[in-house]
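Residue numbers (our numbering), protein chains in the order written: chain F, 1 to 321; chain S, 1 to 335.
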Amino acid sequence: MTEAVFRETTAEPRTQSVPLAHLSLELGHLYMEDFEAGPGHLRRHLARVRPWAEAARAAAADRAGTTRPRVSTCFLIDDYFTRFSSPAELVPLLLAEADRAGLPVDYLARESGCAVAGKVPVAEAVAGRIVEEPPPGSYGNRPAAAETGWLANGVRSPTARAPQAMRKAAAWQPPTETAARRHSVFLDVELWDDTPDGQRVWSCPFLAAVWQLARLGLLRHQGDAVLEPHPHTDSGFPDDWDELPALIRLNPRAAPFAAYRTCSVLPNRFLPVEHAVRVILDQTDVDPEALRQVAERSAREGVPVPPSVADRISYLFYEGS
Amino acid sequence: MRPEDTAPRAVLDCGEVRTCLLPAGQALDSRAAAQLLRLRADERVLVSERPNVYGRSPDVLTGVDCPLPSSNGARVRAVGTVAARAALTEGRVLQTSAHFRVTATGPDHRRPWGHYLVRPAVVEPFGRLPRDAVAEGLLGGGRHGDLDVGLIAAGLQTRLLRHPLLDQRPPLRSRPTRLRWVAVPARDGDGPSLERFTLAEDELRTVRLRVPEGTASADVAALCDDLALHDWLLTTLVRILDGIRLGPGLPGPRRRPAAADDLPVVVGALRPAVDHLLHLWMPRARVPGHLAPLWDVLEDEPGFTRQWLALVQRVRDQLTLHAIPSARREVEPTP
Numbered sequence: 001m002t003e004a005v006f007r008e009t010t011a012e013p014r015t016q017s018v019p020l021a022h023l024s025l026e027l028g029h030l031y032m033e034d035f036e037a038g039p040g041h042l043r044r045h046l047a048r049v050r051p052w053a054e055a056a057r058a059a060a061a062d063r064a065g066t067t068r069p070r071v072s073t074c075f076l077i078d079d080y081f082t083r084f085s086s087p088a089e090l091v092p093l094l095l096a097e098a099d100r101a102g103l104p105v106d107y108l109a110r111e112s113g114c115a116v117a118g119k120v121p122v123a124e125a126v127a128g129r130i131v132e133e134p135p136p137g138s139y140g141n142r143p144a145a146a147e148t149g150w151l152a153n154g155v156r157s158p159t160a161r162a163p164q165a166m167r168k169a170a171a172w173q174p175p176t177e178t179a180a181r182r183h184s185v186f187l188d189v190e191l192w193d194d195t196p197d198g199q200r201v202w203s204c205p206f207l208a209a210v211w212q213l214a215r216l217g218l219l220r221h222q223g224d225a226v227l228e229p230h231p232h233t234d235s236g237f238p239d240d241w242d243e244l245p246a247l248i249r250l251n252p253r254a255a256p257f258a259a260y261r262t263c264s265v266l267p268n269r270f271l272p273v274e275h276a277v278r279v280i281l282d283q284t285d286v287d288p289e290a291l292r293q294v295a296e297r298s299a300r301e302g303v304p305v306p307p308s309v310a311d312r313i314s315y316l317f318y319e320g321s
Numbered sequence: 001m002r003p004e005d006t007a008p009r010a011v012l013d014c015g016e017v018r019t020c021l022l023p024a025g026q027a028l029d030s031r032a033a034a035q036l037l038r039l040r041a042d043e044r045v046l047v048s049e050r051p052n053v054y055g056r057s058p059d060v061l062t063g064v065d066c067p068l069p070s071s072n073g074a075r076v077r078a079v080g081t082v083a084a085r086a087a088l089t090e091g092r093v094l095q096t097s098a099h100f101r102v103t104a105t106g107p108d109h110r111r112p113w114g115h116y117l118v119r120p121a122v123v124e125p126f127g128r129l130p131r132d133a134v135a136e137g138l139l140g141g142g143r144h145g146d147l148d149v150g151l152i153a154a155g156l157q158t159r160l161l162r163h164p165l166l167d168q169r170p171p172l173r174s175r176p177t178r179l180r181w182v183a184v185p186a187r188d189g190d191g192p193s194l195e196r197f198t199l200a201e202d203e204l205r206t207v208r209l210r211v212p213e214g215t216a217s218a219d220v221a222a223l224c225d226d227l228a229l230h231d232w233l234l235t236t237l238v239r240i241l242d243g244i245r246l247g248p249g250l251p252g253p254r255r256r257p258a259a260a261d262d263l264p265v266v267v268g269a270l271r272p273a274v275d276h277l278l279h280l281w282m283p284r285a286r287v288p289g290h291l292a293p294l295w296d297v298l299e300d301e302p303g304f305t306r307q308w309l310a311l312v313q314r315v316r317d318q319l320t321l322h323a324i325p326s327a328r329r330e331v332e333p334t335p
């Protein structure tokens with residue numbers, strides 16, 4: 001086919017591509033109370049993570065075959081739900097303990113960055129890409145009134161109405177999981193709520209789903225990459241969380257932040273959250289061009305990604321809370 | 001490896017286009033058009049200024065899990081997504097269209113939803129697809145509960161028509177049209193062809209196409225958007241001229257006495273067409289090159305452009321006649 005002579009850039013879709021590693025390995029997802037518990041708590045956490053992190057690296061090396069796998073490590077700090085201390089105080093403590101455990105951290109991210117990164121309302125954009133799983137019988141009609149701010153993996157139980165006088169209450173009907181194998185594991189996830197003054201607060205599973213999409217290199221805003229890592233050049237860290245970039249590269253020689261696959265080493269208490277993450281990712285219509293770029297490059301490198309986004313993420317849950 | 005490569009062959013494309021006049025006194029400028037078409041904050045509206053001003057929204061998906069309509073009563077359940085998008089031509093004509101393609105076969109159970117989402121605008125049947133029966137069924141319209149692509153296009157249209165940018169004061173009266181289309185693979189070695197274009201009742205048009213394998217679904221949809229746009233323009237202009245009272249008219253009890261009063265009536269009826277429609281005719285403007293020849297069939301029979309030019313000439317002649325002061329007119333204009 002000959003190339004067109006006349007072109008109009010505003011009329012053509014354009015999607016920036018991002019550098020990609022083989023594996024994005026998450027070493028922890030810490031809340032402020034984890035830090036509050038002191039350096040000993042942090043040390044115990046990292047000591048438990050280490051063998052699993054090594055296993056994840058070994059699995060990535062296996063998959064990459066002869067090529068040396070590019071693995072980048074990351075750490076997520078929650079500054080969204082609670083604010084505690086300051087980056088100047090906490091970050092050096094975390095990095096020192098991680099180095100001591102033999103788990104150097106390549107990238108550090110703030111959870112707030114998954115809600116709004118710079119000026120880009122990332123969470124809102126991802127929420128706008130949710131395409132709810134249709135229950136059988138959906139023929140193009142409007143989906144039954146969705147519970148705003150909730151997302152389920154099936155059909156909810158019909159709402160029980162207060163029985164009127166002289167009428168029997170309708171019998172209870174169970175909810176059903178759409179992709180159930182005979183029996184359902186029904187999950188209904190709260191994506192957000194609004195404060196009385198009208199501010200939207202995104203839920204932890206929803207931000208964790210955004211975090212997974214960022215690590216898979218699948219987030220775009222009007223075609224541009226979002227949550228790009230800022231190099232860490234200063235000697236110290238700021239006193240205010242808002243002054244810390246949403247994502248910083250601590251190791252200048254680190255493999256790219258985004259990767260074909262992700263693995264997160266987390267304590268057991270994250271199990272329900274991560275189930276919810278899968279439910280959300282399974283119903284998110286990711287930018288098709290970003291999806292195509294990743295599929296094409298991973299195939300060229302001989303490590304094709306699974307087509308479904310939710311199948312690209314994995315977890316290692318260790319005992320503890 | 002593209003995700004589609006792992007999927008079975010697609011053997012049927014189907015879509016519906018709803019075309020209507022934008023209910024606004026003035027055509028929208030490019031900036032307002034982009035605002036109207038911004039269905040999602042994180043995705044750009046594609047805006048083009050050559051060969052005409054045109055904006056197109058990103059695609060939005062709707063999940064479906066229901067039987068496909070069929071002409072022989074077979075009820076084939078299918079699961080997948082239908083893509084819908086909106087386009088605005090010269091800030092004046094709004095089109096919302098929905099389309100999907102069906103694969104030849106599919107598993108006999110429903111897969112996790114993530115499987116369907118990475119194959120946008122693809123619907124998979126349970127088992128083998130009875131292609132011809134379903135193609136007929138889709139064109140003819142199904143029973144209640146069968147996949148209704150028109151409903152999805154209409155839903156998007158309704159959503160956009162409520163946009164606060166629109167003042168709901170259209171400059172002329174017109175009726176929306178809908179064009180439903182199916183495309184099945186061409187026989188080996190054959191190029192694309194337009195097999196049938198039917199003007200049905202209730203402003204419904206149906207189009208049956210054959211396209212070579214590998215033709216992108218979006219390309220076929222673009223051709224059908226273009227056909228729908230021009231069919232709507234013709235329909236609308238025919239309707240403006242149909243029933244208009246030209247000339248002095250016949251004397252009668254209900255006729256107003258002063259002949260001079262007729263002038264603004266005809267001019268008033270034709271002027272909006274000049275202001276808002278006549279510059280929009282541009283067949284093939286947004287049709288991919290390899291499908292553009294399909295227009296030729298319609299140009300030969302019934303001759304879309306031929307009819308359009310005749311109508312335009314008629315509008316211009318009328319306006320020219322009425323531009324001559326009546327005192328100097330020797331003969332009153334007649335149809």
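Quick reminder that beta carbons are idealized off the backbone N, C-alpha and C, glycines included.
The structure displayed is predicted, hence computed values, not measured ones.
DSSP puts residue i in a beta bridge; with which residues?
i                      : result
residue 95 of chain S  : S/19, S/87
residue 29 of chain F  : F/76
residue 189 of chain F : F/151
residue 158 of chain S : In DSSP, residue 158 of chain S forms no bridge with anything.
residue 313 of chain F : F/262
residue 13 of chain S  : S/101, S/183
residue 62 of chain S  : S/82
residue 177 of chain S : S/19
residue 220 of chain F : F/225
residue 55 of chain F  : Note: residue 55 of chain F sits in no beta bridge, so no partner.
residue 17 of chain F  : Answer by DSSP bridge pairing: none, since residue 17 of chain F is not bridged.
residue 222 of chain S : DSSP, once it has assigned bridges, lists no residue as partnering residue 222 of chain S.
Ordered along the chain, which non-local residues of its own chain (more than five positions away) have a Cβ less than 7 Å from that of residue i?
i                      : result
residue 64 of chain F  : 22, 303
residue 62 of chain S  : 81, 82, 84, 152
residue 217 of chain S : 13, 99, 101, 121
residue 135 of chain S : 12, 182, 184
residue 160 of chain S : 36, 86, 94, 96
residue 20 of chain F  : 217, 256, 258, 259, 260, 294, 297
residue 89 of chain S  : 52, 54, 229, 280
residue 307 of chain S : 234
residue 273 of chain F : 204, 205, 208
Check the Cβ of residue i against every Cβ in chain S and list those closer than 8 Å, keeping chain order.
i                      : result
residue 257 of chain F : Those within 8 Å of residue 257 of chain F in chain S number zero; the least Cβ separation is about 20 Å.
residue 94 of chain F  : Residues of chain S passing the Cβ test: none, with the nearest at roughly 32 Å.
residue 205 of chain F : Those within 8 Å of residue 205 of chain F in chain S number zero; the least Cβ separation is about 16 Å.
Residues of chain F with CB under 7 Å from residue i, in chain order?
i                      : result
residue 71 of chain S  : Going along chain F, no residue has its Cβ under 7 Å from residue 71 of chain S, so there is no contact; the nearest lies around 18 Å.
residue 211 of chain S : Near residue 211 of chain S there are no residues of chain F at all, since even the closest Cβ is about 16 Å away, more than 7 Å.
residue 9 of chain S   : Near residue 9 of chain S there are no residues of chain F at all, since even the closest Cβ is about 17 Å away, more than 7 Å.
residue 124 of chain S : Per Cβ cutoff of 7 Å: no residues; residue 124 of chain S is ~13 Å from chain F at best.
Compute the beta-carbon to beta-carbon distance between residue i and residue j, rounded to the nearest angstrom, for a pair I have assumed lies under 8 Å.
i                      : j                      : result
residue 116 of chain F : residue 189 of chain F : About 21 Å separates the two Cβ atoms, so there is no contact after all.
residue 101 of chain F : residue 47 of chain F  : 6 Å
residue 179 of chain S : residue 220 of chain S : In fact, because the Cβ distance is near 12 Å, the residues do not count as touching under 8 Å.
residue 206 of chain F : residue 153 of chain F : Rounded, the Cβ-Cβ distance is 15 Å, inconsistent with contact.
residue 110 of chain F : residue 79 of chain F  : 5 Å
Can you pull the chain S neighbours of residue i, defined as C-beta to C-beta under 9 Å?
i                      : result
residue 28 of chain F  : Simply none; closest approach about 26 Å.
residue 309 of chain F : 114, 117, 118
Just the chain F side, please: which residues come within less than 9 Å of residue i by C-beta, in chain order?
i                      : result
residue 175 of chain S : Ordered by position in chain F, no residue passes the 9 Å Cβ test against residue 175 of chain S, which lies about 23 Å from the chain.
residue 65 of chain S  : 133, 134, 135, 136, 137, 138, 139, 178
residue 50 of chain S  : 6, 8, 11
Note down, in chain order, each residue of its chain lying with its Cβ closer than 6 Å to the Cβ of residue i, except the 5 sequence neighbours on either side.
i                      : result
residue 75 of chain S  : 67
residue 228 of chain S : 17, 19, 179
residue 225 of chain F : 16, 18
Is the closest heavy atom of the ligand ZN to the C-beta of residue i under 7 Å?
i                     : result
residue 20 of chain S : The ligand ZN is absent from the structure shown, which contains no ligand whatsoever.
For a contact meaning CB atoms closer than 8 Å, what does residue i contact in chain F?
i                      : result
residue 46 of chain S  : 10, 11, 12, 13
residue 61 of chain S  : 131, 285
residue 284 of chain S : Residues of chain F passing the Cβ test: none, with the nearest at roughly 14 Å.
By Cβ distance, which residues of its chain are closer than 8 Å to residue i, with the 5 residues on each side in sequence left out?
i                      : result
residue 145 of chain S : 66, 67
residue 130 of chain S : 70, 72, 74, 76
(request) Using a Cβ-Cβ cut-off of less than 9 Å, list which residues of the region 123-157 of chain F approach chain S; keep chain order. (result) The region 123-157 of chain F vs chain S, Cβ under 9 Å: 124, 125, 126, 128, 129, 131, 132, 133, 134, 135, 136, 137, 138, 139, 140, 141, 142, 143, 153.
(request) Could you please tell me which residues of the region 260-290 of chain F, in chain order, have their CB closer than 8 Å to any CB of chain S? (result) Residues of the region 260-290 of chain F with a C-beta less than 8 Å from any C-beta of chain S: 281, 282, 283, 284, 285, 286, 287, 288, listed in chain order.
(request) Scan the region 219-235 of chain F for residues whose Cβ lies nearer than 8 Å to a Cβ of chain S and list them as they occur along the chain. (result) Listed in chain order, the positions of the region 219-235 of chain F with a beta carbon within less than 8 Å of a beta carbon of chain S are 220, 221, 222, 223.
(request) Can you give me, in chain order, the residues of the region 6-33 of chain F that have a beta carbon less than 9 Å from any beta carbon in chain S? (result) Using a CB distance below 9 Å, the part of the region 6-33 of chain F facing chain S consists of 6, 8, 10, 11, 12, 13, 14, ordered along the chain.
(message) Can you pull out the residues from the region 145-170 of chain S whose beta carbon lies closer than 7 Å to at least one beta carbon of chain F?
(response) The region 145-170 of chain S vs chain F, Cβ under 7 Å: 145, 146, 147, 148, 149, 151, 152, 155.
(message) To be precise: take each residue of the region 82-102 of chain S, compare its Cβ to all Cβ atoms of chain F, and keep it if any distance is under 9 Å. Which residues remain?
(response) The residues in question are 82, 98.
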